[in-house]
Each structure stands twice: as structure tokens, then as C-alpha cells.
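Here's the structure we're looking at; comments come further down.
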Amino acid sequence: MVNENVLEIKNITVDFDGFCALLRVNVNVKRHTIHFFIGPNGAGKTTLLDIICAKTKPTDGLCMFYPEGRAPIKLTGMKEYKIVEEGIGRKFQVPSVFVNLTVMENMILSLKGNKGVWQAVFYKLSPEEEEHINEVLKTIELLDKKDEKAGALAHGQKQWLEIGMQLVQRPEIIMLDEPAAGMGKPETFKSGEILKKIKESCTIIVVEHDMDFVKQISDRVTVLHEGKVLMEGTCNEVLADETVRAVYLGRGGERNGNAED
Ligand SMILES: Nc1ncnc2c1ncn2[C@@H]1O[C@H](COP(=O)(O)OP(=O)(O)O)[C@@H](O)[C@H]1O
Ligand SMILES: [Mg+2]
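In the working numbering, the protein residues as written are -8 to 252.
See the structure below:
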């Protein structure tokens, strides 16, 4: 039987020198879904993403990845770059595109891995590679901007480019930490429409505070509170829950302006 889960977070506990950031967290993420993690600041959302990509080691528990058509992979204990190679990408909150390179050059750089900026500028793409990049640029709605410097893009477009730079490596899962931060409503909505297209080829894990965005695109929502899973369900189920309303939604969600969040 094919496992419909692409990721299983099993009994994860993270203890930072006596401070428990996560306690026995269990979550299954289904393939080709958009799965949100929401919760107040300090709930442990970013820590959980750090656990999945092995930036942080759990005190207890493990994460299993079930790639399509390949044997399961235990992520816990792996090197971070190996996890990226196996097909799990991560986008951090601060954009890390090369502002002096064009959109296309940024994409080539990402496709070619760590070969360096000069190789990206002079690299001759094969027709298949070019087609693949164009396909991704179309998805992220930047095809008409491919020869523009990334530095000239709007904030939202830079975020989409960064997502595109992950997609070009054909990941099975991408993780986005607060992708709508700093975006206006129209840009946030468009990001949602872009993520819906991406979901056809990839599973998307998102940490975000903007509840309109969660409503627009979520398939599943896990609410974290003080390091524990408070509730999981569809967006409507979560919105209707009294406890969730009390600890989180009553405050209208939260976004920390702090760059470290
Ligand atoms: N490296 C660390 N050492 C000690 N405490 C940490 C560390 N990283 C995060 N924390 C703490 O763990 C809690 C959860 O943090 P975080 O996962 O960033 O929350 P969220 O992303 O939900 O706002 C916070 O109280 C934070 O201060
Ligand atoms: Mg965070």
C-alpha cells in the first residue's frame, strides 16, 4: 500500500537547556497538500521546521520522509544539505536572492547548485533545462521578468523567485516560514494562487499568521501552543474551536516584526 503521508513527525521533543520548545509533537503531512502550522509567537513553529530540515536536533522523537517511489528516509540525524538533495527545500523569511544577477541567472545558479556565480552567468543551458526553468518561471509569474535584475523586483516577486529557486531542483516538499510577511493583501493573495499551482507537483508546509491566507489555501492546519499540538483540522474546524480562539485567534493572530522570528 502506498503511504499517503509524505512526512511523519513522530513524538518530537526539543529541550533547549531546560526550556521545552516542543513536547511530544506528532503530525502527519499528506502528499500534495498545503499544510499550515499556526500559533502564537514562541509556540515552536520555526523550531519544528528546524527539526524537519535537521538544523536542530530533537531531544527525542524522529521525522520520517516518504519520497515517491523510493524507500523511506529518516531525516533525523542527517546532514542538512543531504536533506535538500533528497528533496526537501526550505525558504527562510529573509529573501536570499542575488540582487545583481538577473532572474534567469538566479534560477541557473540554483539549478546548478554550488558551482558559483560566474558559471551561472556563462552557463549554457540544455534545451531541457531551459524548458524546465521557463516552466517554473511561468508558475511563479516571473517569465516576463527573466532578464531583469532580481534587485529590481518588488518584495513579493523576490519571495516568489526564491520559491522558484527551490522548485527548479524538483523538491517533493517545500517549507516556507512566514512567506506573506511584509506583503500587502493583493500580493499575499497572489502568493496563495501561486502556491496552489505548486501543490500539484509538491507538498507545501507553511508557517503563517495571516488567517485570510490560511483560509485561502490550506488543506490542513496544525495549531501549536507552548510547544504542543493544541489542535489539528481543516481551517474551518480550527477557526470554530473555542480553545484556539482563546489562545490565538482572539488576538487576531500575531506577527512578530522581529527579524529573528
Ligand atoms: N536555540 C534556542 N535556544 C533556546 N531557546 C530557543 C532557541 N530557539 C528557539 N528558542 C525558544 O523556543 C521557543 C519557540 O521558538 P520558535 O520556534 O522560534 O517559535 P515560533 O516560530 O512559533 O514563534 C521560543 O520561546 C524561543 O525563545
Ligand atoms: Mg517563527
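Think of the CB as a built atom: it goes at the ideal place given N, C-alpha and C, for glycine as much as any other residue.
For the 8 Å CB-CB criterion, Ile189 and Ile196 do not form a contact. Contact check for Leu14 and Thr24: beta-carbon distance about 25 Å, past the 8 Å limit, so the pair fails to qualify. Unbroken beta strand (DSSP E) runs of no fewer than 3 residues, entirely contained in the region 53 to 114, are found at 79 to 82, following chain order.
Within the same chain, Ala45 come within 7 Å of Met69 by CB-CB distance, once the 5 residues on both sides are set aside.
By DSSP's assignment, Thr194 forms a beta bridge with Ile164. The DSSP-derived three-state label of Ile154 is helix. The alpha-carbon separation between Phe28 and Lys140 amounts to approximately 33 Å. For Gly33 and Lys219, the gap between their C-alpha atoms comes out near 11 Å.
Under DSSP, Cys11 forms a beta bridge with Asp6.
In this structure Val(-3) is in contact with Glu163, their Cβ atoms being roughly 6 Å apart against a cut-off of 8 Å. DSSP lists Ile196, Arg211 as the bridge partner or partners of His26. The closest CA to that of Gly80, considering only Val112, Phe180, Met156, is found on Met156.
Between ligand 2 and Val198, a heavy atom-to-CB distance of less than 7 Å is present. Tyr239 counts as buried, since no fewer than 16 other beta carbons sit within 10 angstroms of its beta carbon.
Around the C-beta of Thr37, 16 or more other C-beta atoms lie within 10 Å, and the residue is accordingly described as buried. For Thr37, the shortest separation between its Cβ and any heavy atom of ligand 1 lies below 7 Å. Your pair Asn(-6) and Tyr57 checks out as a contact, with CB atoms roughly 5 Å apart and the cut at 8 Å. Between the C-alpha atoms of Thr93 and Leu102 there is a straight-line separation of about 14 Å. The straight-line gap separating the alpha-carbon atoms of Val20 and Glu(-1) is approximately 6 Å. When beta bridges are read from the DSSP output, Ile0 appears opposite Val18, Cys54. In this chain, Glu217 is not harboured by any alpha helix (DSSP H), its DSSP state being neither H nor E.
Relative to ligand 1, the beta carbon of Gly33 is positioned inside 7 Å of a heavy atom.
Under the Cβ criterion (8 Å, minimum of three pairs), the region 144 to 155 counts as touching the region 166 to 178.
Of all C-beta pairs linking the region 172 to 184 to the region 113 to 120, fewer than three are shorter than 8 Å, placing the two stretches out of contact. Under DSSP, Lys140 takes part in a beta bridge, and its partners are Thr93. If you draw a straight line from the Cα of Leu66 to the Cα of Ile165, it comes to about 15 Å.
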